[in-house]
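Remarks on the structure that follows.
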Amino acid sequence: MTIMTGRKTRTLLAAAAMLVSLTALAEDDPDALRDRIANLEAELAAARAELARIEEPDSPATKGEVDTAAEMSAGITAPKQVLESPESVTTPPEEDVFRIGDLYLGGAIRSNYVLGDYTEDGGSGPQRGGNGGNMELDTFRINLDYNPDGTGLIGKGEYRFYHGYHFAHTGWMGWREEDGSEWQLGLNRVPFGAGPYGTSHNWFFDQGYYVGLTDDMDVGLRYSTERGPWTLDAAYYVGAEPNFLGDSSDSARYSYDIVDNGSPHAHYRERHQFNARAIRRFELGSDQTLDTGLSLQAGRLEADPRFAEDSCAAAGAVHGKWNRGPWEVIAQLSAYDFHARYRPGSGLSNDLIGMGAYDFEFPVASRGLLPAVSVAHTIEPDIAWIDTITFYNDFSIILKDGRDEFGTPLNDSAMNVLGAAFARSGWYIYVDWALSDGNYFVGDEAFTNFGANREQEWQSRFNINFGYYF
Numbered sequence: 372m373t374i375m376t377g378r379k380t381r382t383l384l385a386a387a388a389m390l391v392s393l394t395a396l397a398e399d400d401p402d403a404l405r406d407r408i409a410n411l412e413a414e415l416a417a418a419r420a421e422l423a424r425i426e427e428p429d430s431p432a433t434k435g436e437v438d439t440a441a442e443m444s445a446g447i448t449a450p451k452q453v454l455e456s457p458e459s460v461t462t463p464p465e466e467d468v469f470r471i472g473d474l475y476l477g478g479a480i481r482s483n484y485v486l487g488d489y490t491e492d493g494g495s496g497p498q499r500g501g502n503g504g505n506m507e508l509d510t511f512r513i514n515l516d517y518n519p520d521g522t523g524l525i526g527k528g529e530y531r532f533y534h535g536y537h538f539a540h541t542g543w544m545g546w547r548e549e550d551g552s553e554w555q556l557g558l559n560r561v562p563f564g565a566g567p568y569g570t571s572h573n574w575f576f577d578q579g580y581y582v583g584l585t586d587d588m589d590v591g592l593r594y595s596t597e598r599g600p601w602t603l604d605a606a607y608y609v610g611a612e613p614n615f616l617g618d619s620s621d622s623a624r625y626s627y628d629i630v631d632n633g634s635p636h637a638h639y640r641e642r643h644q645f646n647a648r649a650i651r652r653f654e655l656g657s658d659q660t661l662d663t664g665l666s667l668q669a670g671r672l673e674a675d676p677r678f679a680e681d682s683c684a685a686a687g688a689v690h691g692k693w694n695r696g697p698w699e700v701i702a703q704l705s706a707y708d709f710h711a712r713y714r715p716g717s718g719l720s721n722d723l724i725g726m727g728a729y730d731f732e733f734p735v736a737s738r739g740l741l742p743a744v745s746v747a748h749t750i751e752p753d754i755a756w757i758d759t760i761t762f763y764n765d766f767s768i769i770l771k772d773g774r775d776e777f778g779t780p781l782n783d784s785a786m787n788v789l790g791a792a793f794a795r796s797g798w799y800i801y802v803d804w805a806l807s808d809g810n811y812f813v814g815d816e817a818f819t820n821f822g823a824n825r826e827q828e829w830q831s832r833f834n835i836n837f838g839y840y841f
């Protein structure tokens, strides 16, 4: 539906009111006001033309655009503005958004095609896609966004359904101040890294997602503000996002968290985490910017006393994002230490710790250095049924230090994703070719993973994700 309450509509009404009042006053000083009235009549005609253009269903001005305030409060970004990653929040054009007052209702349904270069049927990991590939439902989700203009109460909620499990992605209420600063209380995105989705443009994210550093949702209070060229964030999280409904005991959740489910290496929970991030924008000339930043986080690890001792966790990152016209380059160097301290005689390695998401838990390296870089280029092709195509290449690697419980050195885990994203109104389609020697979702071996990665075998996966957002 079309909502006639935009900024340009208010401008049109104001110009009309001004024109009427000045025409009435012209009797007192006609010579002084005649030129002013002519100018206002020209402005009114231009405003009418602009409004008519916006109301046209196929107007290019409305395709892929979203409200700036909504982006700030909910992390919503349109495909044309900022490319998103696997679990992105893509919003269709404004005329397709269903709203009741200031409450926006929406959702998405997605399906996924997988084809691996491996031939084993099934294998030991998720979404294998061997033997000719397979097509399956990815997710169905419901979104709520309360985002009135100006200051006051704001909020966002999102719930997702998958095959066999479901969970909340987002759930917070907050307050927007006059200067645009925002407070968010509840389940919200942890401010860490170059952006909400790290360095990634693809459906798989970067490797930082699988160790809890990219697009991590936790429960706490976050404050965000802009001061000149600076974007500043500070947050306190009482704990990780809760476990929802699935077959696992502690991993039915959206983002990767340290979990305690009683299996080997899974004997910790995240508690009392503090985050700070500062990003400085440099204007390098016409249509060219550079954002450089620093992210820090630290918190407690609460242990199951039968197997481990309480400890701490810390992470930091330096990052930069360069944009020039259709080009974007993002680079980030992260370091993390989830300081596991298992009890002597447990037979567990302090260099591995259990993390879970998507109803599945598996050990990852407790410490690592994580370089990541991505390059993207967006075009607007002269094709009626495509708004934009973004081509990208994303690379990331977990450089590990330590040994597993058998004394074997941990192998690094790398992934490169070459792909393109196609946007058209409410449709957003990822076409990715992922090549990895240490990502559990690429390949058919459980030993090719984010922890010991004993096999460290290069395998690839061709993936198409079809998403319709409403």
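Quick note: to get the numbering used here, add 371 to the position in the sequence shown (first position is 1).
Cβ coordinates follow ideal geometry from the N, Cα and C atoms, glycine included.
Note down the Cα distance separating residue i from residue j, rounded to an integer number of angstroms.
{"i": "residue 529", "j": "residue 778", "result": "43 Å"}
{"i": "residue 821", "j": "residue 479", "result": "30 Å"}
{"i": "residue 647", "j": "residue 754", "result": "43 Å"}
{"i": "residue 798", "j": "residue 837", "result": "8 Å"}
{"i": "residue 830", "j": "residue 763", "result": "20 Å"}
{"i": "residue 487", "j": "residue 533", "result": "21 Å"}
{"i": "residue 812", "j": "residue 785", "result": "12 Å"}
{"i": "residue 607", "j": "residue 807", "result": "34 Å"}
{"i": "residue 611", "j": "residue 628", "result": "7 Å"}
{"i": "residue 841", "j": "residue 477", "result": "5 Å"}
{"i": "residue 827", "j": "residue 539", "result": "33 Å"}
{"i": "residue 535", "j": "residue 616", "result": "9 Å"}
{"i": "residue 706", "j": "residue 469", "result": "42 Å"}
{"i": "residue 787", "j": "residue 471", "result": "43 Å"}
{"i": "residue 714", "j": "residue 671", "result": "17 Å"}
{"i": "residue 484", "j": "residue 814", "result": "15 Å"}
{"i": "residue 769", "j": "residue 708", "result": "12 Å"}
{"i": "residue 435", "j": "residue 795", "result": "Confidence in residue 435 is poor, its pLDDT being 30 and thus under 50, which makes the residue's placement unreliable; the coordinate value appears in the next sentence. Answer to the nearest angstrom: the Cα atoms are 8 Å apart."}
{"i": "residue 749", "j": "residue 699", "result": "9 Å"}
{"i": "residue 572", "j": "residue 766", "result": "10 Å"}
{"i": "residue 825", "j": "residue 599", "result": "49 Å"}
{"i": "residue 717", "j": "residue 710", "result": "16 Å"}
{"i": "residue 644", "j": "residue 609", "result": "7 Å"}
If you count every other CB in all the chains shown that lies within 10 Å of the CB of residue i, and 16 or more means buried, which is it?
{"i": "residue 506", "result": "exposed"}
{"i": "residue 474", "result": "exposed"}
{"i": "residue 690", "result": "buried"}
{"i": "residue 681", "result": "exposed"}
{"i": "residue 790", "result": "buried"}
{"i": "residue 481", "result": "buried"}
{"i": "residue 567", "result": "buried"}
{"i": "residue 657", "result": "exposed"}
{"i": "residue 734", "result": "buried"}
{"i": "residue 653", "result": "exposed"}
{"i": "residue 447", "result": "With a pLDDT of only 28 at residue 447, under 50, the local geometry of the prediction cannot be trusted, and no value is derived from it."}
Taking DSSP as the reference, what is the three-state secondary structure of residue i?
{"i": "residue 581", "result": "helix"}
{"i": "residue 729", "result": "coil"}
{"i": "residue 636", "result": "coil"}
{"i": "residue 604", "result": "strand"}
{"i": "residue 752", "result": "coil"}
{"i": "residue 557", "result": "strand"}
{"i": "residue 591", "result": "strand"}
{"i": "residue 700", "result": "strand"}
{"i": "residue 613", "result": "coil"}
{"i": "residue 429", "result": "Residue confidence for residue 429 is low, a pLDDT of 37 falling below 50, so the modelled location carries little weight; the figure read from the coordinates is stated next. Of the three classes helix, strand and coil, the one that applies to residue 429 here is coil, per DSSP."}
{"i": "residue 773", "result": "coil"}
{"i": "residue 813", "result": "coil"}
{"i": "residue 571", "result": "coil"}
{"i": "residue 534", "result": "coil"}
{"i": "residue 767", "result": "strand"}
When you compare each of the options to residue i by their alpha carbons, which one comes out closest?
{"i": "residue 772", "options": "766, 783 and 765", "result": "783"}
{"i": "residue 660", "options": "668, 591, 577 and 650", "result": "650"}
{"i": "residue 835", "options": "549, 472 and 574", "result": "574"}
{"i": "residue 712", "options": "692, 677, 743 and 825", "result": "677"}
{"i": "residue 564", "options": "668, 637, 638 and 590", "result": "668"}
{"i": "residue 877", "options": "531, 579 and 825", "result": "Given a span of 372 to 841 for the chain in the structure shown, any question on residue 877 remains unanswerable."}
{"i": "residue 517", "options": "544, 509 and 663", "result": "544"}
{"i": "residue 605", "options": "729, 726 and 560", "result": "560"}
{"i": "residue 601", "options": "593, 577 and 665", "result": "665"}
{"i": "residue 621", "options": "761, 726, 704 and 679", "result": "726"}
{"i": "residue 696", "options": "688, 703, 579 and 751", "result": "751"}
{"i": "residue 719", "options": "685, 637 and 692", "result": "637"}
In terms of DSSP beta bridges, what is residue i paired with?
{"i": "residue 628", "result": "727"}
{"i": "residue 481", "result": "510 and 838"}
{"i": "residue 474", "result": "471 and 517"}
{"i": "residue 761", "result": "749 and 792"}
{"i": "residue 596", "result": "603"}
{"i": "residue 693", "result": "661 and 700"}
{"i": "residue 655", "result": "Residue 655 is not bridged to any residue."}
{"i": "residue 339", "result": "What is shown of the chain runs 372 to 841, which leaves residue 339 out entirely."}
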